[in-house]
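Below is one structure, written out as structure tokens, with a few remarks after it.
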Amino acid sequence: MLGICRGRRKFLAASLTVLFVPAITWIYLFAGSFEDGKPVSLSPLESQPHSPRYTASSQRERESLEVRVREVEEENRVLRKQLSLAQSRGPAHHRGNHSKTYSMEEGTGDSESLRAGIVAGNSSECGQQPAVEKCETIHVAIVCAGYNASRDVVTLVKSVLFHRRNPLHFHLIADAIAKQILATLFQTWMVPAVRIDFYDADELKSEVSWIPNKHYSGIYGLMKLVLTKTLPSNLERVIVLDTDITFATDIAELWAVFHKFKGQQVLGLVENQSDWYLGNLWKNHRPWPALGRGYNTGVILLLLDKLRKMKWEQMWRLTAERELMSMLSTSLADQDIFNAVIKQNPFLVYQLPCFWNVQLSDHTRSEQCYRDVSDLKVIHWNSPKKLRVKNKHVEFFRNLYLTFLEYDGNLLRRELFGCPSEADVNSENLQKQLSELDEDDLCYEFRRERFTVHRTHLYFLHYEYEPASDNTDVTLVAQLSMDRLQMLEAICKHWEGPISLALYLSDAEAQQFLRYAQGSEVLMSRHNVGYHIVYKEGQFYPVNLLRNVAMKHISTPYMFLSDIDFLPMYGLYEYLRKSVIQLDLANTKKALIVPAFETLRYRLSFPKSKAELLSMLDMGTLFTFRYHVWTKGHAPTNFAKWRTATTPYRVEWEADFEPYVVVRKDCPEYDRRFVGFGWNKVAHIMELDAQEYEFTVLPNAYMIHMPHAPSFDITKFRSNKQYRICLKTLKEEFQQDMSRHYGFAALKYLTAENNS
Numbered sequence: 001m002l003g004i005c006r007g008r009r010k011f012l013a014a015s016l017t018v019l020f021v022p023a024i025t026w027i028y029l030f031a032g033s034f035e036d037g038k039p040v041s042l043s044p045l046e047s048q049p050h051s052p053r054y055t056a057s058s059q060r061e062r063e064s065l066e067v068r069v070r071e072v073e074e075e076n077r078v079l080r081k082q083l084s085l086a087q088s089r090g091p092a093h094h095r096g097n098h099s100k101t102y103s104m105e106e107g108t109g110d111s112e113s114l115r116a117g118i119v120a121g122n123s124s125e126c127g128q129q130p131a132v133e134k135c136e137t138i139h140v141a142i143v144c145a146g147y148n149a150s151r152d153v154v155t156l157v158k159s160v161l162f163h164r165r166n167p168l169h170f171h172l173i174a175d176a177i178a179k180q181i182l183a184t185l186f187q188t189w190m191v192p193a194v195r196i197d198f199y200d201a202d203e204l205k206s207e208v209s210w211i212p213n214k215h216y217s218g219i220y221g222l223m224k225l226v227l228t229k230t231l232p233s234n235l236e237r238v239i240v241l242d243t244d245i246t247f248a249t250d251i252a253e254l255w256a257v258f259h260k261f262k263g264q265q266v267l268g269l270v271e272n273q274s275d276w277y278l279g280n281l282w283k284n285h286r287p288w289p290a291l292g293r294g295y296n297t298g299v300i301l302l303l304l305d306k307l308r309k310m311k312w313e314q315m316w317r318l319t320a321e322r323e324l325m326s327m328l329s330t331s332l333a334d335q336d337i338f339n340a341v342i343k344q345n346p347f348l349v350y351q352l353p354c355f356w357n358v359q360l361s362d363h364t365r366s367e368q369c370y371r372d373v374s375d376l377k378v379i380h381w382n383s384p385k386k387l388r389v390k391n392k393h394v395e396f397f398r399n400l401y402l403t404f405l406e407y408d409g410n411l412l413r414r415e416l417f418g419c420p421s422e423a424d425v426n427s428e429n430l431q432k433q434l435s436e437l438d439e440d441d442l443c444y445e446f447r448r449e450r451f452t453v454h455r456t457h458l459y460f461l462h463y464e465y466e467p468a469s470d471n472t473d474v475t476l477v478a479q480l481s482m483d484r485l486q487m488l489e490a491i492c493k494h495w496e497g498p499i500s501l502a503l504y505l506s507d508a509e510a511q512q513f514l515r516y517a518q519g520s521e522v523l524m525s526r527h528n529v530g531y532h533i534v535y536k537e538g539q540f541y542p543v544n545l546l547r548n549v550a551m552k553h554i555s556t557p558y559m560f561l562s563d564i565d566f567l568p569m570y571g572l573y574e575y576l577r578k579s580v581i582q583l584d585l586a587n588t589k590k591a592l593i594v595p596a597f598e599t600l601r602y603r604l605s606f607p608k609s610k611a612e613l614l615s616m617l618d619m620g621t622l623f624t625f626r627y628h629v630w631t632k633g634h635a636p637t638n639f640a641k642w643r644t645a646t647t648p649y650r651v652e653w654e655a656d657f658e659p660y661v662v663v664r665k666d667c668p669e670y671d672r673r674f675v676g677f678g679w680n681k682v683a684h685i686m687e688l689d690a691q692e693y694e695f696t697v698l699p700n701a702y703m704i705h706m707p708h709a710p711s712f713d714i715t716k717f718r719s720n721k722q723y724r725i726c727l728k729t730l731k732e733e734f735q736q737d738m739s740r741h742y743g744f745a746a747l748k749y750l751t752a753e754n755n756s
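Just so we're aligned, residue 1 is where the sequence shown starts under the UniProt record's numbering, counting upward by one.
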């Protein structure tokens with residue numbers, strides 16, 4: 001009774017506010033609109049800037065009044081809306097869901113059954129429903145397997161992070177491939193107040209492998225059934241999402257719906273928006289049993305603690321076993337089994353408003369879920385056609401999806417102020433290293449780049465590699481940016497072995513690359529190329545970081561450290577594999593040198609043999625690499641000797657030597673302090689020499705540098721004096737570090753540098 005009285009008082013107060021505030025406001029505005037007893041117009045069309053009465057002061061007052069009018073009108077609109085909601089709900093709903101942070105609006109579905117479900121689900125007893133607290137952690141579970149699904153997860157997570165205001169805990173049920181990709185991605189993304197836990201999907205296969213499934217999601221499409229068993233026993237509730245979901249609102253609004261569950265409701269689901277479960281799509285169409293139109297499992301709210309008490313595992317298994325006796329297999333994976341269970345136990349489900357899962361497959365009733373853009377909450381691309389699905393508003397939905405697809409993920413590294421974050425050792429170490437740098441140092445930006453953590457997405461495209469039985473396989477390693485993309489097809493034609501590439505791209509450029517690769521028959525026919533995206537951040541090209549990323553993710557015992565502008569000779573892959581055996585690279589510290597040449601011609605008839613190359617060299621069609629601008633870089637290769645050599649020969653290290661080499665995969669990494677142009681390879685070759693690698697030139701191997709426009713970094717090096725000063729400083733510091741690390745043996749590098 002007391003609750004009803006309180007509700008009436010609030011209703012009366014809101015009514016008086018709506019009537020009283022406009023009256024007072026307009027009296028005030030009417031009185032304030034007179035100057036010397038004459039009305040002052042509020043319309044900009046009626047203002048007279050050249051009249052005697054017009055002043056700058058009166059103009060400011062007029063504009064201030066206009067702004068105030070708009071504010072009052074907006075306040076009145078909100079009050080009227082709250083009042084209408086209160087009236088429609090009646091006395092039992094006066095206290096509703098007064099969230100401290102979020103306003104919870106109801107659905108806009110036109111289906112009578114949907115409206116009935118919403119009303120039933122949203123009815124509440126007297127008593128305020130708890131809100132989503134500011135720092136309450138929201139738990140999200142996603143099943144993810146393979147390379148393509150990993151890309152989809154990133155877009156989904158971006159849309160969630162963009163709107164969120166709460167800490168998030170993602171529970172990822174992933175296979176080995178997805179775990180490797182996503183673990184690296186989130187580790188390098190370093191988003192505050194986000195925690196990631198992985199659960200081995202391969203270990204769960206035995207739980208659901210007995211269920212025949214025709215759906216394209218395969219065995220992984222059944223794993224949502226075992227979440228009560230998979231997720232931690234102390235986790236009480238979780239939002240479960242498909243990977244093809246895009247959020248258009250704060251996920252906390254969906255999390256707050258848990259507070260509306262009552263009785264034995266343990267599953268929050270949106271009604272299926274296609275006619276699939278009605279069984280009328282074609283002749284003899286026989287779907288699994290479902291309640292009415294059935295429910296879509298792209299978005300699920302699971303009350304895990306109650307499900308466990310209800311013995312959910314036993315419930316769904318018995319239902320699946322019984323139905324499979326006549327249905328033989330599932331057509332829509334876990335969704336069929338969820339619906340069969342709900343058909344028998346309708347009390348389990350709380351029907352969500354359909355804007356929480358707007359299903360964009362062909363011939364759905366999704367358009368009934370929204371009247372305006374502001375109604376949209378969650379978009380579900382649940383058709384195999386994905387972005388090519390038929391829908392009246394598909395262009396709008398596609399643009400929304402593409403916005404997150406190409407959105408700069410670095411901008412989502414936002415702190416949640418007022419919410420304590422879990423201690424992150426990597427983040428703390430990074431902050432400590434950065435705090436030790438002197439921001440007044442003229443080379444501060446160079447030094448800072450060494451510690452910058454670049455978001456990294458490994459294996460952006462599908463990758464397959466079968467290890468060679470003789471253990472002699474060699475991977476070509478290179479790095480590139482968007483302006484070198486045209487080299488990929490040519491390299492793939494010249495090198496048939498595995499390739500590991502690190503690409504330095506923005507989020508938007510990564511999507512351009514994806515479209516380029518998918519449109520290329522050459523690239524799509526090659527599955528042994530690993531494409532690793534390192535996302536852009538900062539003002540320098542992190543060349544050595546890129547090389548390290550590409551080196552770290554090879555699957556072979558040996559690697560050929562190349563650059564993207566070079567085309568290897570035809571047959572080099574097989575020649576190197578034979579050389580690895582001949583020179584016993586497995587048991588010796590050798591760096592096999594592939595002599596480098598260059599052409600100034602964009603169209604080149606590529607030499608098919610050493611004899612043909614020597615002929616082109618004599619004719620001036622080819623040159624030894626950089627002979628005219630940087631002779632020291634490759635002079636120790638001894639090209640004069642190479643012309644007549646028939647067996648491998650050893651050469652000694654010299655200052656500024658930077659050949660392209662074949663080494664074992666355990667060779668040292670490149671030094672990250674060198675960014676952009678200058679000394680990035682020189683320092684690495686120096687490190688190999690310090691570790692007593694033997695440099696051996698291969699007599700029948702060669703590579704040719706193709707011409708291109710100067711890079712942005714070499715332009716900066718040539719035009720910016722401070723750039724050159726900082727590079728010199730970094731060289732000196734590197735040499736000092738070498739002396740400290742390798743002792744007396746490293747003194748020769750200082751001497752050689754002084755004599756060069």
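For every residue, glycine included, the Cβ atom is placed at its ideal position computed from N, Cα and C. Note that the structure is predicted; figures quoted are calculated from it, not measured.
Hey, quick one: how far does the alpha helix (DSSP H) through residue i stretch, first residue to last?
| i | result |
| --- | --- |
| Q511 | 507-518 |
| Q691 | Neither: Q691 is in no alpha helix (DSSP H) and is coded neither H nor E. |
| residue 759 | A question about residue 759 goes unanswered here, because the residues of the chain that appear run from 1 up to 756. |
| V522 | 521-524 |
| A640 | 639-644 |
How many whole angstroms separate the CB atoms of residue i and residue j, which I take to be in contact at a CB cut-off of 8 Å?
| i | j | result |
| --- | --- | --- |
| M482 | L505 | 6 Å |
| D560 | H705 | Sequence inspection shows Phe at residue 560; the Asp mentioned does not correspond to that position. In fact, because the Cβ distance is near 15 Å, the residues do not count as touching under 8 Å. |
| A472 | V580 | Reading the sequence as shown, one finds Thr at residue 472 and not Ala. Indeed they touch by this definition, with Cβ atoms about 5 Å apart. |
| L302 | L227 | 6 Å |
| P557 | N528 | Contact flag wrong, Cβ pair sits at about 15 Å. |
| R673 | L730 | 5 Å |
| N213 | T330 | 5 Å |
| A252 | R165 | 6 Å |
Classify residue i as helix, strand or coil using the three-state DSSP reduction.
| i | result |
| --- | --- |
| N548 | helix |
| residue 757 | Residue 757 lies beyond the residue range present for the chain, which begins at 1 and ends at 756; the question has no answer from this structure. |
| H741 | helix |
| N345 | coil |
| S435 | helix |
| Y749 | helix |
| G620 | coil |
| I554 | coil |
| G571 | coil |
| E445 | helix |
| I725 | helix |
| I581 | helix |
| A701 | coil |
| Y220 | helix |
| E367 | helix |
| M559 | strand |
| A248 | coil |
Does any CB atom of chain D fall closer than 8 Å to the CB of residue i?
| i | result |
| --- | --- |
| T621 | In the structure shown, chain D does not exist; there is a single protein chain. |
Could you give the residue range of the beta strand (DSSP E) that holds residue i?
| i | result |
| --- | --- |
| T228 | Here T228 belongs to no beta strand (DSSP E); instead the alpha helix (DSSP H) covers 227-230. |
| V661 | 661-664 |
| L480 | 474-481 |
| K590 | 590-593 |
Going by the CB atoms, is the gap between residue j and residue i shorter than 8 Å?
| i | j | result |
| --- | --- | --- |
| E489 | L523 | yes |
| A333 | T243 | no |
| L172 | C135 | no |
| E694 | K590 | yes |
| A701 | M487 | no |
| L546 | A596 | no |
| K260 | V240 | no |
| Q479 | A550 | yes |
| G292 | H285 | no |
Report task. Return the chain-ordered ranges of every beta strand (DSSP E) run that is complete within the segment 269-320 and spans a minimum of 3 residues. Result -> 295-303
Query raised in the report: Taking only runs of the alpha helix (DSSP H) that begin and end inside the segment 371-431, which ones reach a length of at least 4 residues, in chain order?
Result: 394-405
Query - alpha helix (DSSP H) segments (min. 4 residues) lying fully within the segment 187-218 - result: 201-208
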